[in-house]
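**Q** Using this note's numbering, read the sequence shown as starting at 695 and increasing by one per residue. No residue lacks a Cβ here, since even glycine has one placed at the ideal position from N, Cα and C.
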Amino acid sequence: MALGLREFLVVALSLFISTLNGQLPKKEKYYAIKEDIPHIRCETCQKAVRYLYGKTQAMRAEGVTKRLAEDKVIDLVEKSCNPEKEEGSWISKIDLIERNGELRLSEQSNVGKCKRECQTVSKACEESVAEVDTDLAELLWKDKLTLSKLINEVCYSMSSACTGKRPKLKAGERKINENFHIMSDDEKKADDILKQMRGMPGMPGMEMYSREDIEKMRDQLGAVQKDEKEEEEEVLDSEGNLFHGEEVSFFQTIMDGLARLWSWLKGIFGFRKGTSEEL
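See below:
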């Protein structure tokens, strides 16, 4: 994947912030809307099974043989409900809409920023597909059922996702109706790269930081620094010497973060000693 300058800067800044280990204000977290889950659990199960069925068929078409490695199918299913993984990226295209007294899933052509509704679909997926992931992976691996039969088996028989009638939604019942925020091309490219890099040793918990995230963090950090302007008292140790403590300074944390970031970037883009002209 070709990485332009703007996408490179987004990835670099996200990686750098991720190395600060709590020194900066936390990125805003989004949580599932639990009241919405019963309304979308069945449809989410069906949507997830359709995605997994299509994905495994595509994997077979791309492979040398039609028989897939079972561990690859298991890995796909286990990660399919997590929008922060490549395997769960389909969730980021879903918008929740009210239609004819029901809450429905509406698949968009563009990838959206994963906020509360995205997390709600993720949670509904976990409560339906994740509870039968081993059996589902086996069915996908054996590839003996048509799509319609697979949906019936998984969502109506193996799990409780589609038992009972879909609950009706009263007008004005939903307290939260989130707008679907489309990712820009630069954000999408950078997010794709971060998804590939998540889970690598030494880089846990990497996150995508948008312009809005960084502006919020800047404002929060400014408020904290204002509150900490009071002069610190000098502390003496038992021998009467000035005690400096063992806590690493914020400046040193930044330098360590930059060093780690540069090390990773050299590995990713193939930078080597003596080839600075490639930069």
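Taking only beta-carbon positions, decide if Glu729 is within less than 8 Å of chain D.
**A** Within the model displayed, chain D is absent; a lone protein chain is all it includes.
**Q** Out of Glu801, Ala865, Lys883, Glu832, which one is the CA nearest neighbour of Lys766?
**A** Out of Glu801, Ala865, Lys883, Glu832, Glu832 has the C-alpha closest to the C-alpha of Lys766.
**Q** Quick one: using the 10 Å Cβ neighbour count with 16 as the cut-off for buried, is Lys923 buried or exposed?
**A** Because the pLDDT at Lys923 is just 49, under 50, the model does not fix this residue reliably, and the value given afterwards should be weighed accordingly. The residue is exposed, with fewer than 16 neighbouring Cβ atoms inside 10 Å.
**Q** Buried or exposed for Ser800, going by 16 or more other Cβ atoms inside 10 Å?
**A** It counts as exposed.
**Q** Is the beta carbon of Ser816 closer than 8 Å to that of Cys849?
**A** No.
**Q** So, helix, strand or coil for Arg798, using DSSP?
**A** Arg798: strand per DSSP, three-state reduction.
**Q** For my contact list, Leu746 and Glu792 are in at a C-beta cut-off of 8 Å; report their separation, rounded to the angstrom.
**A** Contact flag wrong, Cβ pair sits at about 27 Å.
**Q** Looking at the unbroken beta strand (DSSP E) that takes in Ala863, where does it start and where does it end?
**A** Correcting the residue identity first, residue 863 is Leu in this sequence and not Ala. Segment: none, Leu863 is in no beta strand (DSSP E) and carries neither H nor E.
**Q** Thinking Glu756 and Leu770 are a contact (beta carbons under 8 Å), I'd like their distance in whole angstroms, please.
**A** Contact flag wrong, Cβ pair sits at about 13 Å.
**Q** Determine the burial state of Thr857: buried for a count of at least 16 other Cβ atoms within 10 Å of its Cβ, exposed for fewer.
**A** So Thr857 counts as exposed.
**Q** Could you check where the beta strand (DSSP E) with Leu790 kicks off and where it finishes?
**A** Run containing Leu790: 788 to 793, per the beta strand (DSSP E) assignment.
**Q** Exposed or buried, Gly806, counting other C-beta atoms within 10 Å across all chains shown (16 or more means buried)?
**A** Buried.
**Q** Rank Phe874, His875, Asp730, Lys723 by C-alpha distance to the C-alpha of Leu797 and give the top, closest one.
**A** Nearest of Phe874, His875, Asp730, Lys723 to Leu797, Cα basis: Asp730.
**Q** Please list the terminal residues of the continuous alpha helix (DSSP H) segment that includes Cys819.
**A** 810 to 822 is the extent of the alpha helix (DSSP H) around Cys819.
**Q** Are the CB atoms of Ser786 and Cys819 nearer to each other than 8 Å?
**A** No, the pair does not count as a contact, with Cβ atoms beyond the cut-off.
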